[in-house]
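Peer 1: Going by full-length UniProt numbering, the residue at position 134 of the sequence shown is 134; the numbering climbs one at a time, nothing skipped.
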Amino acid sequence: MAHQNRLANAHVLVFGGTSGIGYAVANLALSNGAHVTISGSGQSKVDAKVEKLRSLYPDMAASNVAGFAVDLLDKENMEENLRTMLDKATDGGSKKIDHIAFTAGDSNHLPKVAELDVNTVLNGFTVRFLGPSMLAKLIAIGNYMPKSANSSITLTGGTNTHRPMPNWTFGAAVGASIEGLTRGLAVDLAPIRTNIVHPGAIHTELFQSFVEKSSPETIEKMKKGFSLLGEFGRPEDVAEAYGWVMRDRFATGTLVNCDGGRLLVGTER
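(1) Using a Cβ-Cβ cutoff of less than 7 Å, which residues in the same chain neighbour K96 once the five nearest sequence positions on both sides are dropped?
(2) Have a look at N150 and F226 and give me their C-alpha separation to the nearest angstrom.
(3) Taking 9 Å as the cut-off, decide whether the C-beta atoms of A140 and V197 are in contact.
(4) What runs of the beta strand (DSSP E), each 3 residues or longer, lie entirely inside the segment 9–70?
(5) Three or more C-beta pairs closer than 8 Å, one from the segment 105–123 and one from the segment 24–34: is that the case here?
(6) If you count every other CB in all the chains shown that lies within 10 Å of the CB of K221, and 16 or more means buried, which is it?
(7) Return the residue from the list P216, V25 and A8 that minimises the CA-CA distance to G16.
(8) If you run the structure through DSSP and keep just helix, strand and coil, what is G243?
(9) Is DSSP giving E268 helix, strand or coil here?
(10) In three-state terms, what does DSSP make of N123?
(11) On the premise that A69 lies in contact with S94, defined as a C-beta separation below 8 Å, what is that separation, rounded to the nearest angstrom?
(12) Just tell me which of V245, T254, G253 and G233 has its CA closest to the CA of G260.
(13) DSSP state of P199, grouped into three classes?
(14) Tell me which residues share the same chain as R269 and place their Cβ nearer than 6 Å to its Cβ, disregarding the 5 neighbours each side in the sequence.
(15) Measure the CB-CB distance between T159 and N195 and report whether it falls below 9 Å.
(16) In three-state terms, what does DSSP make of L155?
(17) Whose C-beta lies closer than 6 Å to the C-beta of E236 among residues of the same chain, with five residues either side of it excluded?
(18) Contact check, T154 vs V113 under 8 Å by CB: the rounded distance?
(19) Cutting at 6 Å between CB atoms, please list the residues of its own chain near L229, excluding the five before and the five after it.
(20) H3: buried (16+ other C-beta within 10 angstroms of its C-beta) or exposed?
(21) So T161 and A176 are in contact, right, with Cβ under 8 Å, and what is the actual spacing, rounded?
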């Protein structure tokens with residue numbers, strides 16, 4: 001029997017799909033013949049990225065790509081906002097989602113330990129932790145995803161959870177909470193599979209703004225300090241990790257590193 005492309009004709013929903021890693025995951029899914037829905041915080045940007053993705057695959061039916069905005073910073077209305085978006089993405093549950101990649105995030109301006117503010121710390125959990133938590137609730141009680149090992153949810157962490165940079169205490173705490181959420185959901189949502197990808201230093205659009213403000217010497221030092229490979233990763237590199245755990249129907253509760261070996265980089269480098 002020929003090897004099956006397990007993403008062909010699958011419905012993949014990508015939160016944070018308008019840029020960076022999320023956009024790359026959407027692109028990868030489309031290249032494998034999936035139907036893709038992307039989500040972001042603003043409808044105009046979502047619409048622009050839907051058109052861009054369609055332009056990359058001119059022979060593909062335009063209906064293979066759709067996009068709907070959802071505001072994940074609105075805590076009070078988060079459940080209803082997500083429910084509305086899922087209803088649109090699935091046409092009221094008639095076009096179920098096979099895989100969800102949650103790459104959404106906001107500007108994470110968490111305080112230093114000596115400048116701790118309770119509300120600022122808690123706000124850091126809104127999009128990255130509360131968002132996927134509420135999403136999991138709707139998947140558990142709703143009619144949006146088949147309850148099968150063919151279905152998956154992939155969350156996003158980061159290597160700073162395991163090797164935090166200076167002043168990254170609360171960023172590491174947010175990341176650790178997402179790891180715990182992943183393992184718990186793998187148990188409670190089974191047979192739907194839940195995994196987490198840990199990207200390293202990935203050269204996204206957001207990271208590019210930092211590069212433009214830094215000296216060439218600083219950038220070269222970062223490349224050596226953040227990777228055994230001496231370079232930054234690209235969104236299309238880490239997208240392969242999301243594609244793997246979507247396709248591998250025996251992978252659940254798994255942490256996948258795509259970090260260029262950052263956790264092995266010695267201080268002498």
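For every residue, glycine included, the Cβ atom is placed at its ideal position computed from N, Cα and C. For clarity, every value in this text was computed on a predicted model and none was experimentally measured.
Peer 2: Taking the structure as given:
(1) Contacts found: H11, T90, Y144, M145 and P146.
(2) Taking C-alpha positions only, N150 is separated from F226 by approximately 34 Å.
(3) If you check the CB distance, A140 and V197 do not come in under 9 Å.
(4) Scanning the segment 9–70 for uninterrupted beta strand (DSSP E) segments of 3 residues or longer gives 11–15, 35–39 and 65–67, listed from N- to C-terminal end.
(5) Taking 8 Å as the limit for Cβ pairs, the verdict is that the segment 24–34 does not touch the segment 105–123.
(6) Exposed is the call here.
(7) Between G16 and the set P216, V25 and A8, the nearest pair of CA atoms involves V25.
(8) Helix, per DSSP.
(9) Legend: pLDDT at E268 = 44, less than 50; position of this residue unreliable, no value from coordinates given.
(10) Helix.
(11) A Cβ-Cβ distance of about 21 Å is found for the pair S94 and A69, leaving them out of contact under the 8 Å criterion.
(12) Shortest Cα-Cα distance from G260 to any of V245, T254, G253 and G233 involves G233.
(13) It is a strand residue.
(14) Any answer about R269 is weak, because its pLDDT of 41 lies below 50 and its placement is not dependable; what the coordinates show is given next. Excluding residues within five positions, the ones whose Cβ falls inside 6 Å are K224.
(15) Cβ atoms of T159 and N195: not closer than 9 Å.
(16) The three-state secondary structure of L155, taken from DSSP, is strand.
(17) Within the same chain, and ignoring the five residues on either side of E236 in sequence, the residues whose Cβ sits closer than 6 Å to its Cβ are A24.
(18) About 31 Å; that fails the 8 Å criterion.
(19) Only residues of its own chain outside the window of five on either side were considered, and among them G260 have a CB closer than 6 Å to the CB of L229, listed in chain order.
(20) By the neighbour-count rule (16 or more Cβ atoms within 10 Å), H3 is not buried but exposed.
(21) The pair is a contact, with the Cβ atoms about 5 Å apart (cut-off 8 Å).
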